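According to our numbering, the sequence shown is numbered sequentially starting from 311.
A quick write-up on the structure given underneath.
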Amino acid sequence: MVIDNPRYREKPFLRLLECYVLWAIDELPLARAQTLREMTPTLRSTYHVEGDWQEIIAAVMELPENMPSLIRDLWVKNQQIARQAGATLTPQQFAEMFVDENLVS
């Protein structure tokens, strides 16, 4: 996965977390999903965790089993808030916001 955004230069795992959020809300682009599937053996080796890429990220971050549904619920809620404010919340904006507010310090 090519990381050319300055946001990820010092923190490449941040991109994986955002992909996890995008996957949870069914907004992960197919090409990125394929790249992550291809990266899974490397992730397994790096983190010494078995499973698919989502399970590896969840294990590394010690996320609760119901995290995908919690993320989806928050996605729906935040989209409603954005609509009420006359704004648009893109999946990527939500993923960045969720990661920044909940998964990184």
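Just so it is clear, CB atoms sit at the ideal spot from N, CA and C, and this is done for glycine as well.
What you are looking at is a predicted structure, and each value in this text was computed from that prediction instead of being measured.
>> Is it the case that the segment 374-390 contacts the segment 338-358, given that we only count it when at least three CB pairs across the two stretches are under 8 Å?
In response: Not touching, per the Cβ criterion.
> Does DSSP put Glu411 in a helix, a strand or coil?
Replying inline: Here residue 411 refers to the residue found at position 101 when the sequence shown is read from its first residue. Helix, per DSSP.
> At which residue ranges does the segment 329-384 contain complete beta strand (DSSP E) runs of 3 or more residues, listed in the order of the chain?
Replying inline: For the segment 329-384, not a single whole beta strand (DSSP E) run of length 3 or above is found.
> In this structure, does DSSP put Ala392 in helix, strand or coil?
Replying inline: By one-based count along the sequence shown, residue 392 stands at place 82. DSSP places Ala392 in helix when its eight states are reduced to three.
> What distance in whole Å lies between the Cβ atoms of Val359 and Val409, which are believed to be in contact at a cut-off of 8 Å?
Replying inline: By one-based count along the sequence shown, residue 409 stands at place 99. By one-based count along the sequence shown, residue 359 stands at place 49. Between Val409 and Val359 a beta carbon distance of about 19 Å is seen, past the 8 Å cut, so the two are scored as non-contacting.
> Buried or exposed: which applies to Gln402, given that a residue is buried once 16 or more other Cβ atoms fall within 10 Å of its Cβ?
Replying inline: As a first step, residue 402 must be located in the sequence shown, where it is residue number 92. Exposed, because fewer than 16 other Cβ atoms sit within 10 Å of the Cβ of Gln402.
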